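Numbering-wise, the sequence shown is residues -24 to -1, 1 to 218 according to mature numbering (1 follows the signal peptide of the UniProt record, and there is no 0). A virtual CB, placed ideally from N, CA and C, is assigned to each residue, including glycine. Just so we're clear, the structure is a prediction, and the values are computed from it rather than from any experiment.
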Amino acid sequence: MKVKNILLGSALVALATAGGTALAAPTINFDNAGANGGTVSYDGDGGVLTGSDIVFTSISFSGGTAPAESSLTCGGCMLNFTTGNNIIEGDETSDYQFGAGGTFVLTGDALDSSNTVIADGILLTGEFTGRPTAAPQNVDPSTPPGSVNVTGFGLDTKHEELLAYFGIDPDTSFIFSSTNIALGTTSFDMDTGAFEGTVNNADIVNSGTPPVAVPEPGEIGLLGFGLALLLTGIGLRRSRSV
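Right, dumping it as structure tokens:
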């Protein structure tokens, strides 16, 4: 079984330089194209950060020559994720930190222009192996809205039929260089630190580099993805460290 090691960051990350390759990087983009849906929440009681039914509607390919269409419809696609339990609960100026583990799964159908299913089921799946962090930005309890950016580390694999359709070597190492999830209406519990927001925009940019032969068993590859959750209408008060 081939497993790809990933790095998760809220901004563009340049991991491709690690291999010293100068080859063009293929990129797969997942987008919701204005189709709002899904929530992101934290229970305020030391639990996990949860993303539920975050909608995606399109998949596109760039940075190379695809043997077929470069754009696909993502039918019924939803992203669901959880982190490990909360370790440090932040406030207006300090970060929330969550434990490793959890899941990061995008499911649905990848369809071409003739409505033929190219890949279905789990299109992308992984788990957090580092310590995911939720960093509040521009937050003031008296003057909402604010935002939260989430970063972390994990492991990830992708649907081989989707890679094959775009002509991408299944051993390609990927960088999820930018994942942005914008939350619209967001509620916040001032007493517990819990928050929940409704997603109104979601994007995943998945950049890869061609495989490089390495003398490691299992052909372990380097992979990364970034996650930014923007929550509006929130205020923060309580700080707790576990």
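- Task: Would you kindly check if the distance between the Cβ of residue 12 and the Cβ of residue 32 is under 8 Å?
- Result: The residue labelled residue 32 in the question sits at position 56 within the sequence shown. The residue labelled residue 12 in the question sits at position 36 within the sequence shown. Going by C-beta atoms, residue 32 is not nearer than 8 Å to residue 12.
- Rounded to the nearest angstrom, how far is the Cβ of residue 6 from that of residue 142, given a contact under 8 Å? Position 30 of the sequence shown holds residue 6. Position 166 of the sequence shown holds residue 142. Not quite, the Cβ-Cβ distance comes to about 13 Å (not below 8 Å), so this is no contact.
- Message: Distance check for residue 180 and residue 44, CA to CA, integer angstroms please.
- Response: On the sequence shown, position 68 is the one that residue 44 refers to. On the sequence shown, position 204 is the one that residue 180 refers to. Whole-angstrom Cα-Cα distance: 21 Å.
- Query: Short check: CB of residue 101 to CB of residue 133, under 8 Å?
  - Reply: Counted from its first residue, the sequence shown places residue 101 at position 125. Counted from its first residue, the sequence shown places residue 133 at position 157. Contact flag set, yes.
- Task: In angstroms with no decimal places, state the Cα-to-Cα distance between residue 136 and residue 169.
- Result: Position 160 of the sequence shown, counting from 1, holds the residue named residue 136. Position 193 of the sequence shown, counting from 1, holds the residue named residue 169. So the two alpha carbons sit approximately 40 Å from each other.
- Task: Use the C-beta contact count for residue 62: other C-beta atoms within 10 angstroms, 16 or more gives buried, fewer gives exposed.
- Result: Here residue 62 refers to the residue found at position 86 of the sequence shown. Around the beta carbon of residue 62, 16 or more other beta carbons lie within 10 angstroms, which makes this residue buried.
- Message: Which residue wins for smallest C-alpha separation from residue 171, given the options 77, 3 and 26?
- Response: Along the sequence shown, one-based indexing puts residue 171 at 195. Checked all of 77, 3 and 26; the closest Cα to residue 171 is 26.
- Message: With the cut-off set at 8 Å, would you say residue 48 and residue 88 are in Cβ contact?
- Response: Translated into the one-based positions of the sequence shown, residue 48 becomes position 72. Translated into the one-based positions of the sequence shown, residue 88 becomes position 112. Going by C-beta atoms, residue 48 is nearer than 8 Å to residue 88.
- Query: How big is the Cα-Cα spacing for residue 138 and residue 70?
  - Reply: Position 162 of the sequence shown, counted from the start, is the residue given in the question as residue 138. Position 94 of the sequence shown, counted from the start, is the residue given in the question as residue 70. Cα to Cα, the separation comes out at about 40 Å.
- Query: In its own chain, which residues sit with a C-beta less than 6 Å from the C-beta of residue 191, not counting the 5 before and 5 after it?
  - Reply: As a first step, residue 191 must be located in the sequence shown, where it is residue number 215. Low confidence applies here, because residue 191 scores a pLDDT of 36, under 50, leaving its location unreliable; read the following figure in that light. Closer than 6 Å at Cβ, skipping near neighbours: no residue.
- Query: So, residue 1 versus residue 35, is the Cβ gap smaller than 8 Å?
  - Reply: Walking along the sequence shown from the start, residue 1 turns up at place 25. Walking along the sequence shown from the start, residue 35 turns up at place 59. With contacts defined by Cβ atoms closer than 8 Å, residue 1 and residue 35 do not form a contacting pair.
- Item | Bridge-paired residues (DSSP) for residue 96 | Position 120 of the sequence shown holds residue 96. 85.
- Item | Residues sharing a beta bridge with residue 37, DSSP | Against the sequence shown, residue 37 aligns to sequence position 61. Note: residue 37 is bridge-paired with 4 in the DSSP secondary-structure output.
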